[in-house]
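S.K.: First the structure, then my questions, so here it is.
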């Protein structure tokens with residue numbers, strides 16, 4: 002296994018709309034891979050294929066050496082997922098939810114420690130439906146960490162967080178990488194990509210338009226300039 006995630010030639014269409022069009026990229030082991038792209042680039046579709054929530058119409062997906070759509074519970078326990086539409090149950094409270102989820106794993110992370118690291122204890126008595134967007138982000142990230150995953154997929158993990166919250170999440174992502182985890186972060190933030198990415202993927206119109214280290218992709222230029230130069234190509 003040379004990479005944590007390998008996507009090769011993925012195609013995925015919804016009616017006449019091609020969400021993924023021969024998409025190919027890799028996420029290296031033990032690194033943070035940042036996936037950038039405009040709305041509609043196919044980032045979320047690619048991640049959902051990588052975690053087995055969708056099957057591509059064509060192409061190959063390999064995650065930790067397995068096809069996620071056909072893998073069993075042992076494989077799924079090695080992967081943590083935080084999607085933008087987190088599906089958190091509105092009627093429960095954060096700690097009760099985390100304790101329930103922790104019971105699904107053979108060797109879960111400590112709920113109190115995980116919740117404390119992400120500030121979830123500060124709103125532990127509030128039902129999910131009354132949480133702010135940033136609080137829901139913190140809770141969803143805590144839930145993704147409970148299985149001590151080898152690989153994390155984080156879809157816009159710092160969205161809705163205040164500046165202190167963003168720094169806390171970025172520090173946590175670095176700590177997880179330094180402890181050996183592989184992490185895939187989808188983002189619209191150039192600052193987030195520049196601060197976190199060991200490996201960078203830029204998507205547009207369902208394709209990969211650039212991939213490599215930040216230094217290789219930017220070649221000494223500003224990331225924002227490179228990004229808009231790549232993602233505006235072919236537009237009217």
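In this note's numbering, the protein residues as written are 2 to 237. Yeah, the Cβ is synthetic: ideal placement off N, Cα and C, and Gly gets one too. Please read these numbers as outputs of a predicted model, since none were measured by experiment.
1) How big is the Cα-Cα spacing for residue 189 and residue 180?
2) Keeping to the same chain, check which residues put their C-beta closer than 8 Å to that of residue 133; ignore five residues upstream and five downstream.
3) Got a sec, what are the start and stop residues for the beta strand (DSSP E) residue 62 sits in?
4) Secondary structure at residue 52, three-state DSSP: helix, strand or coil?
5) For the beta strand (DSSP E) containing residue 124, list its first residue and its last residue.
6) Note down, one range per segment and in chain order, each beta strand (DSSP E) of at least 3 residues found wholly within the stretch 154–211.
7) With DSSP collapsed to three states, give me the class of residue 81.
8) Should the stretch 110–126 be called in touch with the stretch 47–63, which here means at least 3 C-beta pairs below 8 Å?
9) Is the beta carbon of residue 155 closer than 7 Å to that of residue 33?
10) Helix, strand or coil: how does DSSP classify residue 223 here?
11) Could you give the C-beta distance for residue 174 and residue 186, rounded to a whole number, given that I count them as a contact under 8 Å?
12) Select from 168, 212, 177 and 178 the residue whose C-alpha is nearest the C-alpha of residue 192.
M.R.: Taking the definition as stated:
1) 26 Å
2) 161
3) 59–64
4) coil
5) Per DSSP, residue 124 belongs to no beta strand (DSSP E) and is neither H nor E.
6) 183–188 and 200–205
7) strand
8) no
9) no
10) coil
11) 7 Å
12) 168
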